[in-house]
Structures are given as C-alpha cells and as structure tokens.
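One structure is given here, and the rest of the page talks about it.
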Amino acid sequence: MKDAFLDKTTTLVAMAGIASPAWIPPLKDLSEIAGQLMPIFGVAWLLVQIVTKLRGK
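Note that the sequence shown covers residues 1 to 57 in this note's numbering.
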C-alpha cells in the first residue's frame, strides 16, 4: 500500500512539473489580484470589528 501511494504521489508531482508552464501564469495573475484586494478586505474587516465592538457596549 505504501509503495502504491508513493508511486501515485511521484506521478502527480512529475505531471504537475510538466504542466507547470500552463498553470503558473494564471497563478501569478491571481496572486497580483489578491495582493491588490487584500488591503481593502483588511480595512473592511477592521471596520466591521470596530463597529461590532462599539455596538456591543
């Protein structure tokens, strides 16, 4: 069972390495978008927390 798992894992890693030129550019684009949106989401979440604390008192 351990050998079968190792074989499947090795095959999966090898296939991902072969396919990486296809999926790296979309991941890079997604990372840039997330990097731009996260500060906005962080400020929004901070405001939600402040309002929640102020209403609770």
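The beta-carbon is built from N, C-alpha and C at its ideal position, and this holds for glycine as well. Source: prediction; values computed, not measured.
- For M38, the enclosing alpha helix (DSSP H) begins and ends at K2 to G56.
- For the pair V48 and G56, the Cα-to-Cα distance works out to about 12 Å.
- Note on geometry: alpha-carbon atoms of K53 and L46 lie some 11 Å from one another.
- Distance between S20 and T10, taken at the CA atoms: about 15 Å.
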